[in-house]
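Structure first, then comments.
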Amino acid sequence: MSNKYSAAKHAYRIAALLITIMILLMPYSIADAAAVADDAPEPLTAEDFLFRLGETVFALNTPASLFVEAVEATTGELAMIECEACLFNGLDREYSNEELVFATYPSGPDGIDMLESILVIGGIWTTERGVGIGDSMAEVELAYGTNYILDYNQMLYALGDPDTSPILVFQLDGEAAPEASEQSGDVQGARVDTESLMVEAFFLFNNTQVD
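Quick note, the sequence shown lines up with residues 1121 to 1331 if you use the numbering used here.
This is the structure we're talking about:
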């Protein structure tokens, strides 16, 4: 009886010690989780699909004339090409210079040209969260989170369904594929080198379906 009692008493002490340790660690775990939650980027909103020229912001799917004028006033004359629209009555137009390429569709009331997409290929332009050309993949994730579609060298963020809602795409200067293990050559469990891959362009696209 004495041995059984001693064993039971010893087991009880161990259990009590483990419970005490768990209680002591619990506040720190909760605090750590709260800190991670606080650091997580905010979900995407419509404001993430605005484009800023100086103090003025422009939205996709709005009349394009003011945007064309503002870009020309800021960067100089734009090249323009046009063709018959496939989806609307009128002309699709593409404007470009060394830093920006943007497209318009005649999809507004009475065939007004509407701003459909903006591609940034140079300059110091940034998104509304401050990401621009030359920033790393890691910095994109820090600003926008990791809920994106990775396609070769493109990170695609969508406001909703990526097939039918506005999208923001960051094009990287190399393929964002996991690094293979040096020993086995297996990519399983490997990670993407997010520090060395850099943004070389970014793209805002209206992407809404037309009835």
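Every residue gets a Cβ at the ideal spot worked out from N, C-alpha and C, and that includes glycine.
*Cα separation between Leu1239 and Tyr1215?*
10 Å
*Nearest-angstrom Cα separation, counted from Phe1290 out to Glu1248*: 13 Å
*What residue from Gly1231, Ser1185, Ala1278 and Gly1294 has the CA that sits closest to Asn1326's CA?*
Ala1278
*Taking Gly1242 as the reference, which of Asp1313, Glu1162, Ala1321 and Leu1292 has the closest Cα?*
A check of alpha carbon separations from Gly1242 across Asp1313, Glu1162, Ala1321 and Leu1292 identifies Ala1321 as the nearest.
*Would you mind sorting Met1259 into buried or exposed? The rule is 16 or more other CB atoms within 10 Å of its CB.*
Rather than Met, the amino acid found at residue 1259 in this sequence is Glu. Per the 10 Å Cβ criterion, buried.
*Between which two residues does the alpha helix (DSSP H) containing Val1188 stretch?*
Ser1185 to Thr1195
*How far does the alpha helix (DSSP H) with Val1260 in it reach, from first residue to last?*
Met1257 to Tyr1264
*Note the first and the last residue of the continuous beta strand (DSSP E) segment covering Cys1206.*
From DSSP, Cys1206 is part of no beta strand (DSSP E); its letter is neither H nor E.
_As assigned by DSSP and simplified to three states, the class of Ala1160_ = Coil.
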